[in-house]
Amino acid sequence: MESDQEHQDVGASNGQDHRGTGPPGLEGVSPGTHNVSEDSSRLQQAGSESGTPDEPTPSPQGLQEPEAEDIKTVPAGDTIYASATSFEDLNLSEDLLKGIYTEMKFEKPSRIQALTLPMILTPPHRSLIAQAHNGSGKTTCFTLAMLSRVDPVVAQPQAICVCPTRELVAQNLMVLEKMAKHTTIKATSSLAGTQFSRNHRITEQVVIGTHGTLKNWMSKRILSFRFARILVFDEADEMLKMDGFASDSVRMIGTLRKDAQQHVQILLFSATFNEKVKNYALRVVRDNGREDANQVFVPREDLSLDVIKQYRVDCPTPLDKVSVLKEMIFPQCEKLGQTIIFVRTREVARSLHAAMENEGHRCTSIRGDMDNELRDKVVNEFRNGTTKILISTDVLSRGFDVTQVTLVINYDVPVEKDWTTPAYETYLHRIGRSGRFGRKGAAFNLVSGEQEKRILDSISEYFKHDIPEVPFNDEDEFLEVLKQAGLTDG
Ligand code: AMP
4 MESDQEHQDV GASNGQDHRG TGPPGLEGVS PGTHNVSEDS SRLQQAGSES GTPDEPTPSP
64 QGLQEPEAED IKTVPAGDTI YASATSFEDL NLSEDLLKGI YTEMKFEKPS RIQALTLPMI
124 LTPPHRSLIA QAHNGSGKTT CFTLAMLSRV DPVVAQPQAI CVCPTRELVA QNLMVLEKMA
184 KHTTIKATSS LAGTQFSRNH RITEQVVIGT HGTLKNWMSK RILSFRFARI LVFDEADEML
244 KMDGFASDSV RMIGTLRKDA QQHVQILLFS ATFNEKVKNY ALRVVRDNGR EDANQVFVPR
304 EDLSLDVIKQ YRVDCPTPLD KVSVLKEMIF PQCEKLGQTI IFVRTREVAR SLHAAMENEG
364 HRCTSIRGDM DNELRDKVVN EFRNGTTKIL ISTDVLSRGF DVTQVTLVIN YDVPVEKDWT
424 TPAYETYLHR IGRSGRFGRK GAAFNLVSGE QEKRILDSIS EYFKHDIPEV PFNDEDEFLE
484 VLKQAGLTDG
């Protein structure tokens with residue numbers, strides 16, 4: 004049985020993976036570029052949240068605004084930043100404003116945007132560490148930041164965005180393309196299947212990619228940082244995790260600072276920063292005291308936890324987890340929106356998928372070792388609603404936005420790589436896949452055995468959030484809690 008945890012290989016590179024665990028078929032195996040408009044249409048087709056430009060605007064109700072008093076800002080230095088009340092306050096180009104109003108259909112900045120965009124766009128363009136949940140408008144923050152800070156006349160990479168998975172690269176590219184529609188700014192990403200030749204040089208102003216591919220492009224000098232002005236890390240805490248991408252991220256920041264002819268602004272965005280990672284991030288960004296970063300934090304407890312109803316299901320044996328899925332969850336799935344079932348390993352994803360299919364239940368699964376084409380197909384089918392139930396390793400636990408997801412099942416409770424420490428941030432990210440954009444959401448945690456129970460207890464304690472039990476074999480109770488969570492009418 005394969006025993007590696009999925010998060011060990013997310014975004015691993017091209018056989019040069021720094022931890023030496025990169026199996027074939029991952030992002031970065033086929034570094035290449037893509038035709039931006041082709042990608043755009045492919046992604047739009049795949050089911051954009053916002054629909055086609057002709058459709059009525061669905062976006063404003065998509066925001067999940069934190070309370071103003073819950074947002075903590077720590078400005079560095081003595082620059083005074085006025086919160087932006089309109090996008091006009093931000094000195095954006097006409098072309099960008101047109102994108103914001105006519106393509107994105109935004110009317111005014113969200114709270115997080117109103118606070119962070121002036122910090123990002125006002126000289127001296129200090130770096131920023133921001134904790135804000137998906138749904139608060141953070142993608143717009145860093146997308147707009149990149150688009151405003153690049154010079155469209157200079158055909159050189161100037162804004163680099165690093166993401167932990169190819170699915171996030173796709174999502175961010177889609178938003179950026181849409182917002183940039185009326186500008187002449189070009190973007191490229193690590194998504195395309197075509198290979199760059201050795202003497203190719205990237206000329207697009209914005210480059211979005213996973214670590215593996217960007218590292219590969221850097222080493223082959225396909226990607227130059229000479230003109231770089233802004234570097235964004237999406238899901239930054241994942242990118243700075245000691246047992247994850249930290250060394251690669253720090254190396255990239257170092258190379259960029261060394262190669263760039265001008266000051267590089269670094270933006271670290273994430274929905275979760277634990278204290279250790281936050282302090283580390285501050286140290287990295289401060290560059291031995293040469294820089295001081297601004298900080299914006301929405302307290303983590305306010306993210307997701309109150310919106311999503313969470314339950315525990317104590318299963319006497321691991322096999323009972325399968326029965327719960329088959330007997331309690333799957334029969335309801337038609338009535339629910341869409342469901343993501345998170346598992347710990349690729350092997351469990353594979354075997355659970357096979358077991359469900361054998362029983363005649365329709366579902367798909369996604370793992371980091373699938374080839375990119377298949378991975379895109381599975382994601383696209385889920386996005387456009389062709390499939391309703393998706394079994395996933397943690398490859399999709401972060402930032403994956405599908406509005407119709409109402410139910411998350413933690414088939415395995417999330418643990419760190421030592422297999423015993425609860426993965427608190429991952430828990431929050433996983434359950435946050437449901438209840439997107441103000442919709443209802445619920446999460447069932449299936450636990451079997453003392454260790455899993457202990458892990459879930461610690462998660463509940465850590466977030467100071469009670470997780471009530473639903474008996475594993477009581478169908479009426481399942482129906483009742485789904486109703487209470489607002490997922491069914493009864
Ligand atoms: P994000 O957190 O960036 O993923 O944004 C969450 C949702 O809110 C997306 O559907 C965005 O299109 C939408 N959104 C972001 N900024 C704004 C805004 N200023 N006004 C209205 N909707 C927004």
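The letter at position 270 of the sequence shown is residue 273 when you use our numbering, and the numbering goes up by one with no holes. Backbone N, C-alpha and C define an ideal beta-carbon position, used for all residues, glycine too. A quick note: this is a predicted structure, and the numbers were derived from the prediction, not measured.
With distances taken Cα to Cα, identify the nearest neighbour of residue i among the options.
| i | options | result |
| --- | --- | --- |
| R439 | E97, V411, S193 | V411 |
| T88 | L99, I115, A79, E97 | I115 |
| L147 | P167, T168, R169, M177 | M177 |
| H136 | F475, K324, E238 | E238 |
| R365 | Q341, T348, I392, M373 | I392 |
| T429 | V165, P417, S437, L194 | P417 |
| F300 | G489, L118, Y283 | L118 |
| C164 | I269, A274, S437, E106 | I269 |
| T168 | L490, D379, V408 | D379 |
| G138 | I470, V310, G489 | V310 |
| P473 | S461, I462, A488 | The sequence given here places Val at residue 473; Pro does not occur at that position. When each option's Cα is compared against that of V473, the closest is A488. |
| V408 | R386, D421, F272, V398 | R386 |
| V405 | F272, L328, R442 | R442 |
| T206 | M331, A446, A195, K189 | K189 |
Could you tell me the boundaries of the alpha helix (DSSP H) in which residue i lies?
| i | result |
| --- | --- |
| K218 | 214–222 |
| A135 | Careful: A135 lies outside any alpha helix (DSSP H) and carries neither H nor E. |
| Q174 | 169–182 |
| A148 | 141–152 |
| E472 | E472 -> no alpha helix (DSSP H), and no H or E assigned at all. |
| Q159 | Careful: Q159 lies outside any alpha helix (DSSP H) and carries neither H nor E. |
| E480 | 478–487 |
| D323 | 321–326 |
Does residue i pass the burial test, meaning 16 or more other C-beta atoms within 10 Å, or should it be called exposed?
| i | result |
| --- | --- |
| W220 | buried |
| T396 | buried |
| R293 | exposed |
| L243 | buried |
| Q265 | exposed |
| M245 | exposed |
| R286 | exposed |
| Q341 | buried |
| S222 | exposed |
| G257 | exposed |
| Q313 | buried |
| R201 | exposed |
| N448 | buried |
| E360 | exposed |
| L120 | buried |
| D251 | buried |
| P112 | buried |
| P321 | exposed |
Give me the Cα-Cα distance between residue i and residue j, rounded to the nearest whole angstrom.
| i | j | result |
| --- | --- | --- |
| N413 | G388 | 21 Å |
| Q174 | T423 | 32 Å |
| D57 | L234 | Unreliable placement is indicated for D57, whose pLDDT of 29 sits below 50; the coordinate value is still reported in the next sentence. Cα to Cα, D57 sits roughly 33 Å from L234. |
| D290 | T125 | 20 Å |
| T82 | A231 | 23 Å |
| R432 | D240 | The sequence as given places His at residue 432; Arg does not occur at that position. Distance between the alpha carbons of H432 and D240 is about 12 Å. |
| A296 | E483 | 48 Å |
| F199 | I225 | 8 Å |
| P78 | D317 | 46 Å |
| K486 | I343 | 19 Å |
| V210 | L95 | 20 Å |
| D262 | E170 | 29 Å |
| R204 | F228 | 11 Å |
| G102 | I458 | 46 Å |
| Y496 | H214 | Coverage of the chain is limited to positions 4 through 493, which leaves residue 496 absent and any answer about it impossible. |
| I123 | R129 | 7 Å |
| F345 | Y283 | 29 Å |
| V368 | F333 | Checking the sequence, you will find Ser at residue 368 rather than Val. Approximately 15 Å between the Cα atoms of the pair. |
| S437 | A358 | 24 Å |
| E106 | A158 | 25 Å |
In terms of residue numbering, what span does the beta strand (DSSP E) encompassing residue i cover?
| i | result |
| --- | --- |
| V316 | 311–317 |
| Q116 | No beta strand (DSSP E) holds Q116; the alpha helix (DSSP H) holding it covers 114–124. |
| A162 | 162–166 |
| F300 | 297–300 |
| T191 | 190–192 |
Within 8 Å (strictly less), CB to CB, does residue i reach chain B?
| i | result |
| --- | --- |
| D421 | Among the chains of the structure shown, chain B does not appear; only one protein chain is present. |
- Message: Give the list of continuous beta strand (DSSP E) stretches no shorter than 3 residues that lie fully inside the segment 382–470.
- Response: Taking only runs of at least 3 residues, the beta strand (DSSP E) segments lying wholly in the segment 382–470 are 392–395, 408–413, 444–450.
- Message: Restricting to runs no shorter than 4 residues, where is the alpha helix (DSSP H) found entirely within the segment 329–377?
- Response: The qualifying runs are 349–361.
- Message: Which complete beta strand (DSSP E) runs does the segment 194–278 hold, if anything under 3 residues is left out?
- Response: 209–213, 233–237, 268–273
- Identify every run of the beta strand (DSSP E) within the segment 71–107, keeping only runs that are complete inside it and at least 3 residues long; order them along the chain. For the segment 71–107, whole beta strand (DSSP E) runs of length 3 or above, ordered along the chain, are 75–77.
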